[in-house]
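Asker: Protein chains in written order, with the numbering used here: chain G, 1 to 421; chain D, 422 to 536. Positions of the beta carbon are idealized from the N, C-alpha and C atoms, including for glycine. Please read these numbers as outputs of a predicted model, since none were measured by experiment. Just passing along the structure, written as structure tokens.
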Amino acid sequence: MRADAGLIPDNEAQRLAAVRRYAVLDTPPDGAFDRVTALAARHFDVPIALVTIVDTDRIWFKSAVGLDASEIDRDPGLCASAILQDGPWIVEDAAIDPRTLANPLVAGEMGLRFYAAAPLTTHDGFNLGTLCVIDRQPREVTAEDAGVLSDLAAIVIDELELRLSTRTLVEREQTLRSYAESTARVLQASLLPAELPAIPGASLAAFYRPASDSEVGGDFYDVYALGPGRWAIALGDVSGKGAAAAAVTALARHALRTASMAATDPAEAMAVLNQAMFLGHSESVLDHYCTAHLSFLEAGHDGFTLRSASAGHPAGLVASREPAAPAPLAATGPPVGWHADAAFAATERRLASGDALLLYTDGLSEARRGGELLGEPPIAAALVAGRGQGADAICGRLLELLTDPAVEVRDDAACLVLELA
Amino acid sequence: MSGAGHGTFDAQRFSVEASESAGTVTLTLRGELDLSTLGELEAALPELSPQDRLVLDLRPLAFMDSSGIRLVMRLDVEARSRGWTLTLVSRAGAVRRLLELCRVEDRVEVVEDLP
Chain G
1 MRADAGLIPD
11 NEAQRLAAVR
21 RYAVLDTPPD
31 GAFDRVTALA
41 ARHFDVPIAL
51 VTIVDTDRIW
61 FKSAVGLDAS
71 EIDRDPGLCA
81 SAILQDGPWI
91 VEDAAIDPRT
101 LANPLVAGEM
111 GLRFYAAAPL
121 TTHDGFNLGT
131 LCVIDRQPRE
141 VTAEDAGVLS
151 DLAAIVIDEL
161 ELRLSTRTLV
171 EREQTLRSYA
181 ESTARVLQAS
191 LLPAELPAIP
201 GASLAAFYRP
211 ASDSEVGGDF
221 YDVYALGPGR
231 WAIALGDVSG
241 KGAAAAAVTA
251 LARHALRTAS
261 MAATDPAEAM
271 AVLNQAMFLG
281 HSESVLDHYC
291 TAHLSFLEAG
301 HDGFTLRSAS
311 AGHPAGLVAS
321 REPAAPAPLA
331 ATGPPVGWHA
341 DAAFAATERR
351 LASGDALLLY
361 TDGLSEARRG
371 GELLGEPPIA
381 AALVAGRGQG
391 ADAICGRLLE
401 LLTDPAVEVR
411 DDAACLVLEL
421 A
Chain D
422 MSGAGHGTFD
432 AQRFSVEASE
442 SAGTVTLTLR
452 GELDLSTLGE
462 LEAALPELSP
472 QDRLVLDLRP
482 LAFMDSSGIR
492 LVMRLDVEAR
502 SRGWTLTLVS
512 RAGAVRRLLE
522 LCRVEDRVEV
532 VEDLP
């Protein structure tokens, strides 16, 4: 039923927008409001007390004591009249009051005789509804009683304001989080190659698992062609997380790429990266440092030659058909970013058919199962077990280590696998 | 050296014991040094003057991760800029292997027994 035009406030459109803003309509019963209505009924010694919200065509009860209904039509609801006032609206005897005597709630079955309401006024001046008390016999209301009613209405509006601000905060936090997550994803993607190049006679696979969805991590890997039959394989781990670490990660990845193009040896390129970490600083500031591995792979008549330089990075592993145990690649230098005059060396070895090279970051080896560090043994075992079935099979087994529900991963983890056919 | 890089699961995972004599502060590290226990070690680090020596006895340490290496690097940078000396005590084992992996010996004195 459309409400009588005389019952519609001048600011109705904005008032309804305010009602929507508090998102209270049709929400479940709630102890906070029920306590206020119970208190109001007790103070006024009346059978009925309501917290009402005046909607477009109805008056909805957020809390109702002594009335078995959840809403009534806006017309003839008395609350529709009450919200037109700035203060309490009191009808001591509805049967003789000209404002209400013809009202069906008064004249009809309901037999309402007493009605007192204080509007629920928002901080910006909109009356959402009322706190009202109702009786079936006439009553008198003192100025003090009217003050109590206004105070109780103020408690209701405070509660609504509190909920609104909590909800706004939560929504804002969710928006920020989702923004941070999408930024982290884009930034992370920019630190990793979109796809790995094809290396004839070999398969390649890699994965990267960030420890957090909302923060970009510091691990990176990269594979790129250096020339005909020559490729570079890089993997590293920058200390820290977040945007500052990501900037160092981007520097590390791109410095290694650029230096690799000009260098004849991976140790040279690693030294260039180390120098790059000191650009703008004469001394180490160690805000960030980086461990990294860089290998140059060169196709020969019979397999490949692998020259590797490492900067404090967990040793890469090479598994062959024989012997069964994987061989670690030697450490050849300190982490980059520590000291500007660091020396790096390279080691060389042959990769033959069936050989698999694994590079990984310590997020993998320092994951814990039941408090115990995984360490290198299960990583080596996954490499040995997956070898012979392609790089994807090895990566899959390593990923299983991390996705095991009993395993707690505390840091980003990256893996890169090359297997010769 | 007791441990071999295995984490032990007990309430007190890490402890530091300090002793001092004639300009040398010795910190003996026990248990596991990682990101979660690094704060305890950092809190125990002394104020050092030029000519002082800081000895980190890593022999009773069962495990150290990259955050331990990061601290060693930071102490080395500080020691060089302020003029004090850093010495690490470590024998064969997981911690020593990590020091070797990071070529710490190229930069910091690593000895097998307390100086």
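#1: Going by DSSP in three states, Cys79 of chain G sits in which element: helix, strand or coil?
#2: Three or more C-beta pairs closer than 8 Å, one from the region 345-362 of chain G and one from the region 292-308 of chain G: is that the case here?
#3: Within 10 angstroms of the Cβ of Asp158 of chain G, are there 16 or more other Cβ atoms? Answer buried if so, exposed if not.
#4: Using the Cα positions of Ala319 of chain G and Val384 of chain G, report the straight-line distance between them to the nearest angstrom.
#5: Here's a check: name, in chain order, each residue in its chain whose Cβ is nearer than 6 Å to the Cβ of Gly77 of chain G, leaving out the five neighbours to either side.
#6: Please report how far the alpha carbon of Ser488 of chain D lies from the alpha carbon of Leu196 of chain G, in whole angstroms.
#7: Are the CB atoms of Phe344 of chain G and Ala267 of chain G within a distance shorter than 8 Å?
#8: Taking Asp57 of chain G and Arg74 of chain G to be in contact with their CB atoms under 8 Å, please state how far apart those CB atoms are, rounded to whole angstroms.
#9: Among all the DSSP beta bridges, which residues are the ones paired with Asn11 of chain G?
#10: Are Arg512 of chain D and Arg480 of chain D close, meaning C-beta to C-beta below 8 Å?
#11: Could you pull out every unbroken beta strand (DSSP E) segment of at least 3 residues lying fully inside the region 34-81 of chain G, listed in chain order?
#12: Which residues in chain G have a C-beta closer than 8 Å to the C-beta of Glu521 of chain D? List them in chain order.
#13: Quick one: is Met261 of chain G buried, meaning 16 or more other Cβ sit within 10 Å of its Cβ, or exposed?
#14: Report buried or exposed for Asp135 of chain G, applying the criterion of at least 16 other Cβ atoms within 10 angstroms of its Cβ.
#15: So the candidates are G:Asp213, G:Ala118, G:Leu7; which of them puts its Cα closest to the Cα of Thr100 of chain G?
#16: Kindly indicate the opening and closing residues of the beta strand (DSSP E) around Leu358 of chain G.
#17: Looking at C-alpha atoms only, which residue of G:Pro88, G:Gly111, G:Arg15, G:His288 is the closest neighbour of Trp338 of chain G?
#18: Less than 8 Å between the C-beta atoms of Asp355 of chain G and Ser203 of chain G, yes or no?
#19: If Leu519 of chain D and Ile490 of chain D are in contact, beta carbons under 8 Å, what's the gap, nearest whole angstrom?
#20: Between His339 of chain G and chain D, is the shortest Cβ-Cβ distance under 8 Å, so that the two count as touching?
#21: Anything in the region 18-38 of chain G with a Cβ closer than 7 Å to a Cβ of chain D? List those residues in chain order, please.
#22: Report the start-end ranges of each alpha helix (DSSP H) in the region 196-268 of chain G that is 4 residues or longer and not cut off at the edges.
#23: Any beta carbon of chain D sitting closer than 8 Å to that of Leu50 of chain G?
#24: Looking only at its chain, what residues have a beta carbon closer than 7 Å to the beta carbon of Thr332 of chain G, apart from the 5 residues adjacent to it on each side?
#25: Count the other CB atoms, across all protein chains shown, that sit within 10 Å of the CB of Asp497 of chain D; report buried if there are 16 or more and exposed otherwise.
#26: Determine the direct distance from the alpha carbon of Ala38 of chain G to that of Ala18 of chain G, and round the result to whole angstroms.
Answerer: A quick look at the data gives this:
#1: Here residue 79 of chain G refers to the residue found at position 79 of the first sequence. In this structure, Cys79 of chain G counts as helix in the three-state DSSP scheme.
#2: yes
#3: On the first sequence, position 158 is the one that residue 158 of chain G refers to. Classification of Asp158 of chain G: exposed, given that the 10 Å Cβ count is below 16.
#4: In the first sequence, counting from the first residue as 1, residue 319 of chain G sits at position 319. In the first sequence, counting from the first residue as 1, residue 384 of chain G sits at position 384. Ala319 of chain G and Val384 of chain G: Cα-Cα distance of roughly 6 Å.
#5: Counted from its first residue, the first sequence places residue 77 of chain G at position 77. Ile59.
#6: Numbered from 1 along the second sequence, position 67 holds the residue referred to as residue 488 of chain D. Numbered from 1 along the first sequence, position 196 holds the residue referred to as residue 196 of chain G. Each residue's alpha carbon lies about 31 Å from the other.
#7: Walking along the first sequence from the start, residue 267 of chain G turns up at place 267. Walking along the first sequence from the start, residue 344 of chain G turns up at place 344. Yes. Within cutoff.
#8: Locating residue 57 of chain G in the first sequence gives position 57, where the first residue counts as 1. Locating residue 74 of chain G in the first sequence gives position 74, where the first residue counts as 1. Correct: roughly 5 Å between the Cβ atoms.
#9: Within the first sequence, the letter at position 11 stands for residue 11 of chain G. Per DSSP, none; premise fails for Asn11 of chain G.
#10: The residue labelled residue 512 of chain D in the question sits at position 91 within the second sequence. The residue labelled residue 480 of chain D in the question sits at position 59 within the second sequence. It is a contact, given that the beta carbons lie within the stated cut-off.
#11: 48-54, 58-65, 71-73
#12: By one-based count along the second sequence, residue 521 of chain D stands at place 100. What Glu521 of chain D touches in chain G: Ala331.
#13: On the first sequence, residue 261 of chain G is found 261 positions in, with the first residue counted as 1. Met261 of chain G should be labelled exposed.
#14: Taking the first residue of the first sequence as 1, we reach residue 135 of chain G at position 135. The residue in question, Asp135 of chain G, is buried, as its Cβ has 16 or more Cβ neighbours within 10 Å.
#15: For the purposes of this step, residue 100 of chain G is taken as residue 100 along the first sequence, with counting starting at 1. Per the Cα distances, G:Leu7.
#16: In the first sequence, the residue the question calls residue 358 of chain G occupies position 358. Note, Leu358 of chain G: beta strand (DSSP E), 356-360.
#17: Numbered from 1 along the first sequence, position 338 holds the residue referred to as residue 338 of chain G. Ranking G:Pro88, G:Gly111, G:Arg15, G:His288 by Cα distance to Trp338 of chain G puts G:His288 first.
#18: Working through the first sequence from its first residue, we reach residue 355 of chain G at position 355. Working through the first sequence from its first residue, we reach residue 203 of chain G at position 203. Against a cut-off of 8 Å, the Cβ pair of Ser203 of chain G and Asp355 of chain G comes out as no contact.
#19: For this step, residue 519 of chain D is matched to residue 98 along the second sequence. For this step, residue 490 of chain D is matched to residue 69 along the second sequence. Rounded, the Cβ-Cβ distance is 6 Å, consistent with contact.
#20: Along the first sequence, read from residue 1 onward, the residue named residue 339 of chain G stands at position 339. Taking Cβ atoms only, chain D reaches closer than 8 Å to His339 of chain G, which makes this a yes.
#21: none
#22: 242-262
#23: Mapped onto the first sequence, residue 50 of chain G falls at position 50. Closer than 8 Å: no.
#24: Indexing the first sequence from 1 puts residue 332 of chain G at position 332. Hits under 7 Å: Ala267, Ala309, Ser310, Phe344, Ala345, Ala346, Thr347.
#25: As a working mapping, residue 497 of chain D is identified with position 76 in the second sequence. So Asp497 of chain D counts as buried.
#26: Reading the first sequence from its first residue, position 18 is the one you call residue 18 of chain G. Reading the first sequence from its first residue, position 38 is the one you call residue 38 of chain G. So the two alpha carbons sit approximately 26 Å from each other.
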